[in-house]
Structure formats: structure tokens, C-alpha cells
RNA sequence: GGCGGCAUAGCCAAGUGGUAAGGCAGAGGUCUGCAAAACCUCCACCCCCGGUUCAAAUCCGGGUGCCGCCUCCA
């Protein structure tokens with residue numbers, strides 16, 4: 004079954020066909036670097052990271068571009084508040100974003116262009132728009148004339164006259180039409196400026212993405228992504244600018260991710276429920292955050308709650324516990340000793356051909372508009388089967404199974420750590436501060452008590468460990484421990 | 001006011017006309033010194049009312065209730 008993607012432009016799922024065989028050209032609107040990155044930014048980044056990883060898994064080469072907006076009103080506002088140049092503000096938050104994304108295991112795009120680094124491209128595109136009559140100058144500004152672009156409103160499904168009758172269009176004397184938007188803003192005191200044919204100033208918000216996507220991916224490329232909120236006006240304006248300038252189609256597939264709510268409320272600064280990635284990373288393992296974010300289809304809203312995070316953690320514990328079992332089984336039953344024609348060998352052979360049940364179900368789910376929630380279900384089903392096999396003492400094929408889980412998990416960005424490293428990971432915040440050495444000493448005492456059949460003492464030690472977030476598990480092969488987080 | 005989306009078990013969440021995935025919680029069981037982990041079993045007339053169809057959670061119409069965008073926002 005071929006990959007189908009929901010295309011915002013047509014409001015339907017459509018079979019994906021790249022413009023160039025084997026290559027996907029993808030542009031995603033990144034952040035405006037004016038404040039700490041929040042869980043909503045993380046969702047967008049993780050969603051498109053998942054999409055990139057899936058394309059790669061399918062054998063595509065992905066030309067992935069995600070921009071940083073480093074020239075903007077909000078950045079300027081912040082720079083005034085702190086009395087430092089706006090470039091310092093932008094640099095700071097770009098750096099933070101990179102650190103946060105790295106922590107979340109989000110792959111770095113091939114290019115991460117900035118507005119300030121592409122002034123020449125931006126100015127060139129505005130010149131073309133002026134020359135072709137789609138733009139006009141007024142009071143030192145340059146505006147795009149929406150009436151000159153007949154298909155304006157097509158992407159977001161709006162009509163010009165309907166928008167005009169809306170109550171919330173700003174009044175601006177310089178604009179010929181209230182819906183016209185700025186391509187270039189004339190210099191104002193205290194703002195960063197660049198020289199242009201229309202005098203000093205800075206670009207409007209929308210033109211940067213048109214100019215930068217063109218610079219790296221060409222006039223016409225496969226997929227353009229971003230948060231749902233960007234559909235209008237940002238992406239609508241991009242379409243108008245890009246198509247007007249190039250005279251070519253712009254983007255084949257528009258992909259928009261849904262929002263993150265916090266405890267059933269929209270996240271906003273005024274509500275005080277602004278959840279930064281940093282604060283999350285202090286409390287949860289990065290892969291737990293990822294698992295939480297991909298447990299819901301990317302277009303639906305996802306609600307952040309402590310309960311949902313606890314569930315995500317529990318689920319990831321389950322996967323890693325299985326990996327640990329498989330690793331141990333693989334060590335106990337080397338592949339070489341697999342009996343000819345045995346279950347293990349058949350499993351391994353199926354794996355080689357990429358026809359395992361897991362791969363097939365996982366791929367089928369992801370092919371359906373990157374349905375990570377359904378893909379996860381395939382992972383759970385495979386895990387239950389593998390655990391049952393291990394329970395029965397069937398150790399053959401464990402190494403291949405573990406490798407397959409890691410491979411498929413890798414597309415989702417989970418199961419990429421060593422099981423014990425994950426299971427014993429301790430968040431920066433919360434939990435008792437106990438060292439592995441201390442735990443080992445307690446376990447030694449406890450096992451001595453168990454050997455002496457002093458179960459009261461053994462249970463007392465276990466309770467004490469549990470009170471400090473250490474879960475003790477006895478088995479035939481010895482005692483294991485992990486942190487409850 | 002305009003445009004769009006969503007309503008599936010206590011909670012979260014898939015579901016592409018053919019008789020409801022998966023996870024969490026819960027109940028019972030196997031295993032265990034006891035636990036834990038793991039496994040097995042159980043747990044939904046898919047918001048309401050019409051319609052199309054042999055057949056609808058899925059399509060159409062009408063309600064009701066949430067949510068988003070239209071202004072900076074991932």
C-alpha cells in the first residue's frame with residue numbers, strides 16, 4: 004500500500020508522489036527566536052522528525068529545511084526590554100532551541116536558514132514581485148496586493164470578500180486593501196535595518212519562508228509543514244508570494260500539525276500554563292516525552308496531563324523491560340546455536356526479508372498519513388508476542404527480535420538507549436537521590452536475608468528501596484532493579 | 001459573523017461500509033517465599049434523530065456539545 008498524506012490544500016488524503024523519484028523536499032516553518040521553546044514547538048519538531056525518519060526508513064533521501072525567524076517584532080520587543088541587540092536575543096534562543104531539540108533526539112535538518120542570512124534572496128524576491136506588478140510601495144513600505152493574485156485564499160479556503168467583512172482586519176492607511184500584507188517594512192527608530200532598493204528597513208514576516216524555501220528547495224517542492232495556526236495568514240501568503248514570483252506551482256503537499264493543550268486548556272502565557280521543553284526534561288526522560296507526543300495522530304490536538312505522561316512512561320518502561328529480556332535471552336542463546344528450521348531461524352529469515360508482522364503492520368499504519376498511534380499498537384502487539392515467547396523459554400531469535408524492535412522504535416525515536424541506562428535513569432527533579440552503589444549494597448543485604456530465609460528483613464529492605472523510588476524484581480536469574488521515576 | 005475540525009469503554013486513543021486496534025486504570029487467574037515483572041481471561045449497542053444501503057462508528061441531512069483559525073502564536 005502506498006503512502007497517503009492528508010493534504011491541507013485539498014482537504015483529502017492523497018497518495019504521495021515525490022517530484023523527483025527517491026527524493027523528498029520538505030520545508031517546515033521553525034520558530035521565532037524570542038523566548039524559550041515550549042511543548043508545542045516540541046510537538047511540531049517531533050512530528051516532522053517522525054515524518055523525516057519514516058521517509059528515510061522507506062529509503063528516501065530527504066532534503067529537509069527548517070528555518071529560524073531571527074528578525075521579528077517580538078524579538079525587537081524583547082531586545083528593548085533587556086537592552087541588548089535583537090541579534091543577541093535571537094542567538095540565545097536559537098541556541099536553546101538546538102539544545103532542546105538535541106535532547107529530544109530530533110534530527111537536525113539539512114539546512115537551518117535564518118532571515119538575517121538571506122536578506123539578498125528576500126530582497127530579490129520582492130523586486131520580482133514589484134516588477135511583475137504584484138506588489139507596490141507606500142510610505143517606505145512594500146506591500147503584496149492580494150487582489151492581484153486571483154487564487155488568494157485557496158489554501159485556507161477563504162474568500163477575499165468574506166475576509167473583508169470580518170471584523171478584525173486592521174486599519175492601515177498605507178494599504179490599498181486591508182488584507183494586503185507587508186513584504187518590506189521601512190525603518191523605524193531603534194529597529195535593526197538592512198539596506199534595500201526601497202531604503203533601509205526589514206522584511207515582513209511571510210516573505211522569508213518563500214525566499215528561503217526557494218533558495219534551498221527550488222520554486223516547486225514536495226511538502227511544506229508547520230503548525231495548524233500558520234495556515235492563515237502565513238502559509239496563504241507564502242503561496243501567493245511564491246507562485247506570483249515564480250509563475251510555477253509552489254508546494255504539492257501541505258502538512259499541518261495539531262496543537263498541544265495543557266490540562267484541557269490552550270497553552271498561553273496569560274493563563275500561566277506555558278510549559279517549556281526544559282521544564283519537561285527535568286522531570287521526564289526525553290523518550291517519554293516523544294512517546295507521549297506520538298501517541299496521538301499528528302493532526303489531532305493532544306492534551307498534556309500528568310496522567311498522560313505517567314502512561315507514556317509506563318509504556319516505555321514496558322518496551323525497555325522487553326528489550327532487556329531479549330538482550331539477556333540473546334546472550335544466553337547465541338544465534339549460532341539456533342536449531343535448523345526452528346522458530347528462531349524462521350523469524351530471523353522473515354526479518355531479513357522485511358516481511359515480519361511487525362514491519363508490515365508498522366509500515367501499514369505509517370503509510371496511512373503517518374498514523375503513529377496505530378503504528379504504536381503494532382509495537383505493543385509484537386511485544387506481547389515476544390514476552391509470551393520468552394515466558395515459554397523460547398529464546399531463539401531474540402537477537403533478531405531485539406534488533407527489529409530497535410529499528411522500528413528508531414523510526415519513532417524511542418528504544419534507542421541501553422535498557423538499563425533507561426530503566427535506571429533519574430530525572431533532575433523529583434525522586435530520592437540514591438546512588439547505584441547504595442542500591443547495590445542494599446540489595447546485597449537483602450539477598451543475604453533471603454538466603455537466610457529472613458523474609459521479614461528482606462521485605463523491609465525492599466520497602467525501604469521502594470520508598471526511594473527503587474523497584475526490586477526477583478527472578479530465577481537473580482535480582483534486578485530499576486527506578487520508578 | 002466567516003471558515004474548518006472533533007464527538008468511540010472510567011481515562012487516553014486507532015478505525016480507509018462488512019459487523020469495534022492498542023494503551024492506562026479495574027476484576028479474576030498463572031508464576032513467585034511474598035511482591036514486582038511478564039503472560040492468560042474479562043471489561044463498548046461508537047453523542048442524538050432521520051436517510052442511503054443486503055450491510056454504517058464509517059456515507060448523506062438535521063440537531064446538540066466541545067475545539068481551532070480569521071490578530072502574534074508550533
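In the working numbering, the protein residues as written are 4 to 488.
We treat Cβ as the ideally placed atom computed from N, Cα and C, and that holds for glycine.
Note that this is a predicted model, so its numbers are computed, not measured.
Legend entry - Nonlocal neighbours in the same chain, by C-beta distance under 6 Å from residue 243, ignoring five residues either side: Sequence index remark: in the first chain, residue 243 carries index 240 (1-based). Within the same chain, residue 243 has close Cβ partners 152 and 155.
Legend entry - Residue of 229, 99 and 436 minimising C-alpha distance to residue 469: As a working mapping, residue 469 is identified with position 466 in the first chain. Residue 469 has its Cα closest to that of 436, out of 229, 99 and 436.
Legend entry - residue 420 - DSSP class collapsed to helix/strand/coil: Along the first chain, read from residue 1 onward, the residue named residue 420 stands at position 417. Correct three-state label for residue 420: coil.
Inset, instruction - Using three-state DSSP, classify residue 228 as helix, strand or coil. - result: Here residue 228 corresponds to residue number 225 of the first chain, with the count starting at 1. Note: residue 228 maps to strand in three-state DSSP.
Inset, instruction - Taking only the alpha-carbon atoms, compute the straight-line gap between residue 140 and residue 289 and give it to the nearest angstrom. - result: By one-based count along the first chain, residue 140 stands at place 137. By one-based count along the first chain, residue 289 stands at place 286. Each residue's alpha carbon lies about 49 Å from the other.
Inset, instruction - Name the one or two DSSP bridge partners that residue 265 has. - result: As a first step, residue 265 must be located in the first chain, where it is residue number 262. Bridge partners of residue 265: 268 and 307.
Inset, instruction - Say whether the stretch 245–259 touches the stretch 212–231, bearing in mind that this needs 3 or more beta-carbon pairs closer than 8 Å, one atom from each stretch. - result: yes
Legend entry - Residues near residue 199 by beta carbon distance below 7 Å, same chain, minus five either side: By one-based count along the first chain, residue 199 stands at place 196. Here the set comprises 126 and 187.
Inset, instruction - Compare the beta carbon distance of residue 261 and residue 301 with 8 Å and say whether it is the shorter of the two. - result: Against the first chain, residue 261 aligns to sequence position 258. Against the first chain, residue 301 aligns to sequence position 298. Cβ distance < 8 Å, so residue 261 and residue 301 count as in contact.
Inset, instruction - Could you check which residue in 426, 400, 308 and 264 has the C-alpha nearest to that of residue 323? - result: Along the first chain, read from residue 1 onward, the residue named residue 323 stands at position 320. Closest option to residue 323, Cα to Cα, is 426.
Legend entry - Secondary structure of residue 50, DSSP reduced to three states: Mapped onto the first chain, residue 50 falls at position 47. Helix, per DSSP.
Legend entry - Spatial neighbours of residue 386 in its chain, beta-carbon cut-off 8 Å, leaving aside the 5 residues before and after: Within the first chain, residue 386 is the residue found at index 383, counting from 1. Same-chain partners within the cutoff: 321, 322, 325 and 408.
Inset, instruction - For the stretch 170–249, list the beta strand (DSSP E) runs that are entirely contained and at least 3 residues long, ordered along the chain. - result: 184–189, 204–206 and 224–230
Inset, instruction - Could you give the DSSP three-state label for residue 473: helix, strand or coil? - result: Counting from one through the first chain, the residue named residue 473 turns up at place 470. Here residue 473 sits in strand by DSSP.
Inset, instruction - Express the C-alpha separation of residue 466 and residue 377 in angstroms, rounding to a whole number. - result: Against the first chain, residue 377 aligns to sequence position 374. Against the first chain, residue 466 aligns to sequence position 463. Roughly 38 Å between the two C-alpha positions.
Inset, instruction - Determine the DSSP secondary structure at residue 165, reduced to helix, strand or coil. - result: Within the first chain, the letter at position 162 stands for residue 165. Of the three classes helix, strand and coil, the one that applies to residue 165 here is helix, per DSSP.
Inset, instruction - Provide the residue span of the alpha helix (DSSP H) that contains residue 481, from first to last. - result: To locate residue 481, count along the first chain from 1; it is residue 478. Element bounds for residue 481: not the alpha helix (DSSP H) but the beta strand (DSSP E), 481–486.
Legend entry - Buried or exposed by the 16-neighbour rule on C-beta atoms within 10 Å, applied to residue 19: On the first chain, residue 19 is found 16 positions in, with the first residue counted as 1. Buried, because 16 or more other Cβ atoms sit within 10 Å of the Cβ of residue 19.
Legend entry - Cβ-based neighbour list, residue 130, same chain, cut-off 8 Å, excluding 5 preceding and 5 following: By one-based count along the first chain, residue 130 stands at place 127. Taken in chain order, the residues that qualify are 200.
Legend entry - Three-state secondary structure assigned by DSSP to residue 140: Taking the first chain and counting its residues from 1, the one referred to as residue 140 is at position 137. Looking at residue 140 - three-state DSSP - the assignment turns out to be strand.
Legend entry - C-beta atoms of residue 415 and residue 53 nearer than 8 Å: Within the first chain, residue 415 is the residue found at index 412, counting from 1. Within the first chain, residue 53 is the residue found at index 50, counting from 1. In contact: residue 415 and residue 53 (Cβ atoms closer than 8 Å).
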